[in-house]
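Below is one structure, written out as structure tokens; the observations come after it.
There are 2 protein chains.
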Amino acid sequence: MQLERATNRTLRRRNRSVLLAKVFLDGPLARQDLATSTGLSQAAVSNVVGDLIEDGLVTEAGTVESDGGRPRTMLQVAPRFALVVGVDVGETRVRVELFDLAMTPLATVDYPINPGQPDPETVVAHIFAGLSYVTGAAAVSTADILGVGIGVSGVVEQGRQAVVHAQTLGWEGVELERMLRAGTDLPLHLDNGAKTLGQAEMWFGAGRGARHAVFALIGSGVGAAVVTGGVTYRGASSSAGEWGHTTLCYDGRPCRCGARGCLEAYVGAGAIIDRYRDARRGRAVPGADEESQITTLLAQAGSSAAARRVLDETASYLGAGVANLINLFNPERVVLGGWAGVALGAHLLPAIRRAAAAHALRQPFAQASIELCRLGVDAVALGAATLPIARLLTAGGIREPSKIH
Amino acid sequence: MQLERATNRTLRRRNRSVLLAKVFLDGPLARQDLATSTGLSQAAVSNVVGDLIEDGLVTEAGTVESDGGRPRTMLQVAPRFALVVGVDVGETRVRVELFDLAMTPLATVDYPINPGQPDPETVVAHIFAGLSYVTGAAAVSTADILGVGIGVSGVVEQGRQAVVHAQTLGWEGVELERMLRAGTDLPLHLDNGAKTLGQAEMWFGAGRGARHAVFALIGSGVGAAVVTGGVTYRGASSSAGEWGHTTLCYDGRPCRCGARGCLEAYVGAGAIIDRYRDARRGRAVPGADEESQITTLLAQAGSSAAARRVLDETASYLGAGVANLINLFNPERVVLGGWAGVALGAHLLPAIRRAAAAHALRQPFAQASIELCRLGVDAVALGAATLPIARLLTAGGIREPSKIH
DNA sequence: ACGACTTAATTCACGCTATTATTAAAGCCC
DNA sequence: GGGCTTTAATAATAGCGTGAATTAAGTCGT
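First to last, the sequence lines map onto chains A and B. Throughout the first sequence, residue numbering follows my numbering, covering 1 to 405 in sequence. Throughout the second sequence, residue numbering follows my numbering, covering 1 to 405 in sequence.
As structure tokens, this is what we get:
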């Protein structure tokens, strides 16, 4: 039950938002398209679009020939109306990327961090360094930056100031937003990295067109982003979707979170490698890091029965975990992502589908397709960059929240 | 991203909806209260309330004395503006209940059904019989009935016409809505029984005030209703929340759904009784039906170590299951309900909380309280009856969708 | 009993917004 | 160039919420 009053300005802001979002997401469109697809009258569309053009948010982008009649002028979001920055705070590196509103990457920089429990201060310093690097490299002014989105691989607790709990980074209640705000006046949007990746796939990847989707991400950690009604599901404190630490096997293998039987203790990259090592009677899996060890495992599937068994089991566990998501969230689409998810999914997707079918209820399973992601792992920064844009769109392109005359 | 245009009438409808919902849910309120709590101007409130009174939706309900000043006149939803019917299609009976808009029960009737796979036709006949019985008993006209809400213990797939998949009833793709529409012109609202119960608890019970809550229901079956942002989470085809058939114990006990290791196979009433029988080395648990057998188990906890062990295990499994809900949905409240849930919860709640704490991530667990429901099991019909009301409230009290002059 | 004071509800001019109908613009085709 | 088609802008109209002023309905002190 919504309890927001509606005033006359609300109306305009909302229609601005509807039109702006449509132009942004569905590419160049004519005023007519907007009128028919939104149901607004042509007059209103013209009126609102006029405002948007005047505000510099939208530009006319050429005309399209017609078969007898005035050619329709196409509209698009002005790519340079503003710039956005996406930051990916992963377990092994901090990536800072600058985009324009057409989501063209203008500059990118990576800062590797040593995996052993990076200092929050170091990460913050990397972010600031990255900010000044990308603005310098693209020769743009900070004033043109609409906002900075930051995807962190851990629980991001939204409150007045976002706080990060990331067991994999060794962070417990790190006041990342406060630390960042101390060094910049740019609008900040912190969020869980899985959620930003889901956002990216939703707008530009495998989630397009779906209203209810779950993005299941397998990497060193295991997480999920749930989108419902086109909007990321957050829950009370924005930590919803912690799929990796749901119990799949009561009293089972110990997990690094301290509990037993978590999904991550079976299908997290580390867990898969551990299980393969066990299957090899304790002989270490060749490879410098988890990523190459997983590659080894997949490469040996042709020759080693043990590797095949480990992969089969992985698909079964993963399928059961996906079935849980399907039963609980009833999505129309489950998208498998994360670096390990992509590596495994390419080979195991049919087996995962079979296992999910065996564990999920028929009706919700029949509603859901299970697919691979389309954007790759680096989309965390892209998705983070969409956060300030999402805010701009819902606000109807009005940057200042309120003004006092 | 919402894509609904907003027109001038939308505004009024929305404000009608906001005010009407507030008056309905937060009891008698003065116009002033409405103005301050919604942010609308007093003039607008007066204006809209005037319309609502004229339409017969709202009535003035006396005045409240003041210490110097005009006394405020309180407003309430007119209890007899319309009547609603709630139907509970359970595994053992069909209940039909008639309410006014103050949710006062005006008439109730139960039709027992023999547990062995009841015929859909029989259930439909019971519903029609119940409808004519309650209208007769309360001496009201069918024309005064706003709508009929029907809570079914099974998956209700919403489409053009709701279809029911209820393994416990032996129903597979039963076109219940079509069958009902053939016999009545009343607006129908079919939904899963757990969801209607959650709705009832949300409006009148343990969920009041929460924006994100999960209602975990334990009976013969195990299910959950998820409320997010004050609204029931449905997913793509409205079957979200099938908690009972999530895998808790990979490759564990067989479940009646065909899979193995489902939560229901551990904490469903039948499963608990089975586990107790196993603990008694196969000796049947005394009791005529599941309900009395569970009572027996609880009664013997004082004397029998086996009973205690079974209950402890139940609390642990249940806690792990609740932890999964907390990790995935990040609610501020988890409400334990269902007849078995109530019976067990009274004794096991502390143990369940401990087990949930052990399995959930710290941060989301700290955000969530775990409580018992307040309304009892019979609230399914009450919750079903709220469905037509919820529609009325969101529509701002406008019954006909559109009129042609 | 009367006036001062307080609080609640209504009225009305105003500005904002979308709608429908109408007009202008811009091109194609014969 | 005139007729036709499609797109965009303009004008007249009506709905809606706001804010200030006004009316309504009491309490309290003297």
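A virtual CB, placed ideally from N, CA and C, is assigned to each residue, including glycine. What you are looking at is a predicted structure, and each value in this text was computed from that prediction instead of being measured.
Just to confirm, is the Cβ distance from residue i to residue j under 8 Å?
i	j	result
B/Val430	B/Gly151	A query on residue 430 of chain B cannot be resolved here, the shown segment of chain B reaching from 1 to 405 and no further.
A/Gly159	A/Leu169	no
B/Trp243	B/Ala271	no
A/Asn330	B/Ser239	yes
A/Gly252	A/Ala379	no
B/Thr63	B/Arg72	yes
B/Pro187	B/Gly147	yes
B/Leu75	B/Val23	yes
B/Gly319	B/Gln199	no
A/Gly334	A/Val322	In the sequence as presented, Gly is not what sits at residue 334 of chain A; that position holds Val. Their beta carbons are under 8 Å apart, which means A/Val334 touches A/Val322 by this criterion.
A/Leu248	A/Gly338	no
B/Leu298	B/His347	yes
B/Leu325	B/Gly345	no
B/Gln167	A/Ala236	no
A/Ala269	A/Ser220	yes
B/Ala149	B/His189	The amino acid at residue 149 of chain B is misidentified as Ala; the sequence shows Gly. Yes. Within cutoff.
B/Val124	B/Leu34	no
A/Glu175	A/Arg374	no
B/Ile273	B/Gln293	yes
Let me know the secondary structure DSSP gives residue i once reduced to three states.
i	result
B/Lys403	Any reading at B/Lys403 must be qualified, since the residue scores a pLDDT of 38, below 50, and its modelled position is unreliable; the value itself is stated next. In the structure shown, B/Lys403 sits in coil (DSSP, three-state: anything other than H, G, I, E or B).
B/Pro115	coil
B/Ala284	coil
A/Leu349	helix
A/Val226	strand
A/Gly410	Here chain A covers residues 1 to 405 and nothing more, so residue 410 of chain A does not appear.
A/Thr247	strand
B/Ala107	strand
B/Ser141	coil
A/Asp100	strand
A/Arg95	strand
B/Leu372	strand
B/Ala395	coil
A/Pro28	coil
A/Pro254	strand
A/Arg260	strand
A/Leu361	coil
B/Leu34	helix
Identify the contact partners of residue i in chain B, using a Cβ-Cβ distance below 9 Å as the criterion.
i	result
A/Leu11	Ala6, Thr7, Asn8, Thr10 and Leu11
A/Cys373	Those do not exist, as A/Cys373 stays about 19 Å from chain B at its closest Cβ, beyond 9 Å.
A/Ala240	His212, Thr228, Asn327, Leu328, Phe329, Asn330, Pro331 and Pro364
At a CB-CB cut-off below 8 Å, which residues of chain A make contact with residue i?
i	result
B/Val155	Leu361, Gln363 and Pro364
B/His189	Per Cβ cutoff of 8 Å: no residues; B/His189 is ~16 Å from chain A at best.
Name, please, each residue of chain A whose Cβ falls closer than 7 Å to the Cβ of residue i.
i	result
B/Leu40	Arg5
B/His245	Asn327 and Leu361
B/Ala358	Ala259
Can you list the residues of chain B that residue i reaches, using a CB-CB cut of under 7 Å?
i	result
A/Gln367	Ala236 and Ser237
Which residues of chain A have a Cβ atom closer than 9 Å to the Cβ of residue i, listed in chain order?
i	result
B/Ile14	The displayed chain sequence assigns Arg, not Ile, to residue 14 of chain B. In chain order: Gln2, Glu4, Arg5, Ala6 and Thr10.
Is the closest heavy atom of the ligand ATP to the C-beta of residue i under 7 Å?
i	result
A/Gln367	Looking for the ligand ATP in the displayed structure turns up nothing, as the structure carries no ligands at all.
What are the start and end residues of each continuous alpha helix (DSSP H) run of 4 or more residues lying completely inside the region 41-91 of chain A, in chain order?
-> 42-54
Selection of the region 321-347 of chain B by Cβ proximity to chain A, strictly under 9 Å | Gly321, Ala323, Asn324, Leu325, Ile326, Asn327, Leu328, Phe329, Asn330, Pro331, Glu332 and Arg333
Output, in sequence order along the chain, the residues in the region 223-238 of chain B whose CB is closer than 9 Å to any CB in chain A.
-> Ala224, Val226, Thr228, Gly229, Gly230, Val231, Tyr233, Arg234, Gly235, Ala236, Ser237 and Ser238
Which residue spans inside the region 148-181 of chain B form an unbroken beta strand (DSSP E) run of at least 3?
-> 155-157, 163-166 and 171-174
Output, in sequence order along the chain, the residues in the region 245-267 of chain B whose CB is closer than 9 Å to any CB in chain A.
-> His245, Thr246, Thr247, Leu248, Cys249, Tyr250, Asp251, Gly252, Cys257, Gly258, Ala259, Arg260, Gly261, Cys262 and Tyr266
Got a sec: which bits of the region 306-321 of chain A sit with their beta carbon under 9 Å from any beta carbon on chain B, in order along the chain?
-> Ser316, Tyr317, Ala320 and Gly321
Can you list, in chain order, the stretches of the alpha helix (DSSP H) that have 4 or more residues and sit fully within the region 192-240 of chain B?
-> 193-204
In chain order, what residues of the region 114-131 of chain A put their CB closer than 9 Å to some CB of chain B?
-> none
Run through the region 277-344 of chain B for me and flag every whole beta strand (DSSP E) of 3 or more residues, listed as ranges in chain order.
-> Listed in chain order, they are 333-337.
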